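In UniProt numbering, the protein residues as written are 1 to 618.
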């Protein structure tokens with residue numbers, strides 16, 4: 001029995017785990033050279049198997065940083081969700097307040113119309129009283145004139161009587177007496193009429209005063225109702241709407257600032273994590289170890305990590321790579337891989353698409369260390385590929401359109417357009433051939449000289465048509481200004497004479513142009529304000545719901561843009577500003593856009609033109 005133990009302890013590398021640490025190898029060598037008993041060797045071997053492998057402090061710190069990064073990612077997602085919920089809540093509250101405000105405004109309009117009706121009735125009553133008074137005055141004036149005429153006639157007749165001879169005076173005096181009696185009757189009638197007029201005028205004045213007082217009271221009550229109740233309620237609702245909007249803007253600004261701070265903190269931790277992984281890679285000594293760290297995704301970190309860990313476990317289950325009995329550090333794993341095992345032939349790295357294609361639901365759970373450190377490739381390189389675009393990170397659940405599908409549709413559209421052009425050209429040629437045949441049939445037989453000249457002209461026409469068809473069959477390749485790598489968009493605009501610095505609504509860099517534009521919808525013809533981003537690197541014109549660029553609303557790829565022009569025909573329906581409207585024509589749709597200023601419109605048109613081949617026409 002002791003002999004057997006001595007034999008087993010004499011070669012510790014054959015019975016131990018292949019992934020032993022250097023300190024364990026040294027201790028096992030020392031036990032083989034020392035003249036100790038078999039019991040001591042067995043206990044030492046057991047202790048060496050039970051003692052946990054020493055973990056480097058950088059690994060522990062890196063694991064903690066990975067957990068912190070995951071927490072930051074969750075907080076960013078929660079903050080985005082809070083932002084969306086806050087937007088919906090504020091929109092609903094604002095819609096309710098606007099609905100109530102509209103109802104109150106309608107009631108205020110009705111009350112104002114009722115007030116106008118009362119005021120109009122008061123004016124009509126005043127006009128009626130004034131008309132009746134004028135009529136009575138005119139009647140009284142007519143009677144007074146008649147009495148005055150009678151008095152003048154009597155005085156004139158009396159003067160005539162005095163000039164007549166004595167024999168005729170007696171008859172004239174009797175007639176003068178009759179006229180005096182008639183005049184007295186007319187004066188009494190006039191006085192009665194004047195008295196009745198004064199009485200009627202006083203009655204009408206009293207009626208007018210009472211009606212006027214009542215109308216003024218009704219108008220005052222209605223005015224008080226309009227001013228104190230309805231207008232105050234409308235003003236209060238408007239203040240509430242403004243308050244809700246201000247509170248919403250404040251909360252959104254706070255959440256945006258918090259999100260920016262979290263992203264900044266996350267970026268700092270990622271840089272720190274990259275530095276720590278680089279330090280771990282340098283610990284391997286002379287081993288060909290390479291650490292590649294691409295920006296971590298904020299969108300799906302757990303899925304990518306699980307994919308990496310499952311890929312690592314599948315690689316470790318290779319027939320040449322036996323899995324260890326217990327987890328070891330990256331340092332020990334690298335040393336054991338270099339010292340004990342040959343490197344199997346397998347791809348040196350795995351791309352992001354391969355990681356995403358791995359079924360994470362079927363992979364066994366991996367250790368936190370493997371999730372934090374990525375996976376160990378077969379040639380000893382540690383790779384952490386988990387890059388996803390920032391737009392996907394900030395807008396979870398919303399993917400970009402399939403680029404291959406769009407390119408396929410573009411190719412089909414171009415092929416269809418070329419086919420239609422060929423069909424149109426063939427129809428044109430057939431029409432010309434038929435016209436030429438009709439001319440030949442209707443014309444007299446030509447002479448030999450004319451036949452030679454016509455033959456030469458037909459040969460020239462055939463050659464010209466052949467050259468034209470060749471040019472049509474092989475159009476020049478699409479080449480835009482922005483497709484050139486050395487193209488400077490900002491310098492190009494400044495060379496065209498645009499004041500890029502002074503135009504506040506547009507932000508232009510070396511390869512990008514950003515700013516707000518009002519776009520008309522495709523199916524529902526409504527105008528909405530969108531944040532447009534002209535990206536020369538991604539070869540697209542994208543528009544978002546807001547300036548944060550979190551919610552992508554649509555994409556216009558440069559290949560689909562055919563031409564850009566000013567809407568001089570005013571074809572955009574209900575444009576908020578027809579003089580600032582321009583069009584972007586693609587192969588399947590016509591986009592109408594409105595810029596905030598004229599200078600911004602000219603800049604945007606010149607920017608988008610660089611994505612087409614129209615720049616060659618100018």
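All C-beta atoms, glycine included, are put in the ideal place defined by N, C-alpha and C. Predicted model, so just to flag it, every value in this text is computed and none were measured.
For residue i, the residue or residues it bridges with in DSSP
{"i": "residue 229", "result": "In DSSP, residue 229 forms no bridge with anything."}
{"i": "residue 507", "result": "514"}
{"i": "residue 593", "result": "519 and 582"}
{"i": "residue 533", "result": "514 and 542"}
{"i": "residue 561", "result": "586"}
{"i": "residue 552", "result": "544"}
{"i": "residue 527", "result": "520"}
Whole-angstrom distance between residue j and residue i, CA atom to CA atom
{"i": "residue 157", "j": "residue 190", "result": "22 Å"}
{"i": "residue 179", "j": "residue 136", "result": "28 Å"}
{"i": "residue 539", "j": "residue 584", "result": "15 Å"}
{"i": "residue 599", "j": "residue 516", "result": "13 Å"}
{"i": "residue 304", "j": "residue 528", "result": "With a pLDDT of only 44 at residue 304, under 50, the local geometry of the prediction cannot be trusted, and no value is derived from it."}
{"i": "residue 186", "j": "residue 203", "result": "25 Å"}
{"i": "residue 503", "j": "residue 596", "result": "10 Å"}
{"i": "residue 148", "j": "residue 170", "result": "26 Å"}
{"i": "residue 192", "j": "residue 123", "result": "32 Å"}
{"i": "residue 177", "j": "residue 183", "result": "10 Å"}
{"i": "residue 405", "j": "residue 524", "result": "25 Å"}
{"i": "residue 253", "j": "residue 247", "result": "10 Å"}
{"i": "residue 559", "j": "residue 579", "result": "28 Å"}
{"i": "residue 557", "j": "residue 541", "result": "6 Å"}
{"i": "residue 574", "j": "residue 554", "result": "22 Å"}
{"i": "residue 116", "j": "residue 236", "result": "24 Å"}
{"i": "residue 426", "j": "residue 77", "result": "59 Å"}
{"i": "residue 168", "j": "residue 152", "result": "22 Å"}
{"i": "residue 231", "j": "residue 498", "result": "48 Å"}
{"i": "residue 421", "j": "residue 414", "result": "10 Å"}
{"i": "residue 258", "j": "residue 410", "result": "42 Å"}
{"i": "residue 428", "j": "residue 526", "result": "42 Å"}
{"i": "residue 142", "j": "residue 181", "result": "20 Å"}
{"i": "residue 551", "j": "residue 243", "result": "26 Å"}
{"i": "residue 508", "j": "residue 532", "result": "12 Å"}
{"i": "residue 385", "j": "residue 271", "result": "Legend: pLDDT at residue 385 = 39, less than 50; position of this residue unreliable, value from coordinates given subsequently. Spanning the two alpha carbons is a distance of roughly 15 Å."}
Inter-residue CB distance, residue i and residue j (contact presumed, cutoff 8 Å)
{"i": "residue 631", "j": "residue 562", "result": "A query on residue 631 cannot be resolved here, the shown segment of the chain reaching from 1 to 618 and no further."}
{"i": "residue 72", "j": "residue 266", "result": "5 Å"}
{"i": "residue 589", "j": "residue 522", "result": "6 Å"}
{"i": "residue 513", "j": "residue 544", "result": "Their Cβ separation, rounded to whole angstroms, is 14 Å, which puts residue 513 and residue 544 out of contact at 8 Å."}
{"i": "residue 519", "j": "residue 591", "result": "7 Å"}
{"i": "residue 211", "j": "residue 119", "result": "With a Cβ gap of about 13 Å, residue 211 and residue 119 do not count as contacting."}
{"i": "residue 65", "j": "residue 269", "result": "6 Å"}
{"i": "residue 69", "j": "residue 273", "result": "7 Å"}
{"i": "residue 226", "j": "residue 111", "result": "5 Å"}
Spatially closest choice to residue i from the options, by CA coordinates
{"i": "residue 486", "options": "500, 495, 528 and 536", "result": "536"}
{"i": "residue 609", "options": "483, 247, 597 and 531", "result": "483"}
{"i": "residue 90", "options": "546, 499, 274 and 251", "result": "251"}
{"i": "residue 121", "options": "216, 68, 110 and 74", "result": "216"}
{"i": "residue 200", "options": "532, 133, 534 and 75", "result": "133"}
{"i": "residue 566", "options": "546, 574 and 594", "result": "594"}
{"i": "residue 139", "options": "159, 181 and 196", "result": "196"}
{"i": "residue 568", "options": "245, 582, 271 and 226", "result": "582"}
{"i": "residue 79", "options": "555, 262, 416 and 541", "result": "262"}
{"i": "residue 245", "options": "104, 94 and 270", "result": "94"}
{"i": "residue 229", "options": "109, 532, 174 and 576", "result": "109"}
{"i": "residue 155", "options": "275, 573 and 172", "result": "172"}
{"i": "residue 104", "options": "68, 272, 114 and 234", "result": "234"}
{"i": "residue 564", "options": "576, 611 and 572", "result": "611"}
{"i": "residue 75", "options": "146, 260, 141 and 421", "result": "260"}
{"i": "residue 92", "options": "510, 576, 241 and 424", "result": "241"}
{"i": "residue 481", "options": "505, 510 and 577", "result": "510"}
{"i": "residue 145", "options": "194, 174, 113 and 160", "result": "194"}
Near the ligand MG: residue i beta-carbon under 7 Å from a heavy atom
{"i": "residue 228", "result": "For the structure depicted, the ligand MG is absent and the ligand set is empty, with no information on it obtainable."}
Any C-beta of chain B under 8 Å from that of residue i
{"i": "residue 561", "result": "Although the question refers to chain B, the structure presented lacks it and comprises just one protein chain."}
Note to self: Would you call the stretch 219-234 in contact with the stretch 79-86, where contact means no fewer than 3 C-beta pairs closer than 8 Å?
What the structure shows: Using a C-beta cut-off of 8 Å, the stretch 219-234 makes no contact with the stretch 79-86, since fewer than three inter-stretch Cβ pairs fall below that distance.
Given 8 Å, three or more beta-carbon pairs between the stretch 592-610 and the stretch 488-496: These segments touch.
*Are three or more beta carbon pairs between the stretch 149-169 and the stretch 96-113 nearer than 8 Å?*
They do not touch, by the three-pair rule.
Check: Counting Cβ pairs, one atom from each stretch, are 3 or more of them under 8 Å apart for the stretch 205-212 and the stretch 119-133?
Finding: Result yes; three or more Cβ-Cβ pairs closer than 8 Å.
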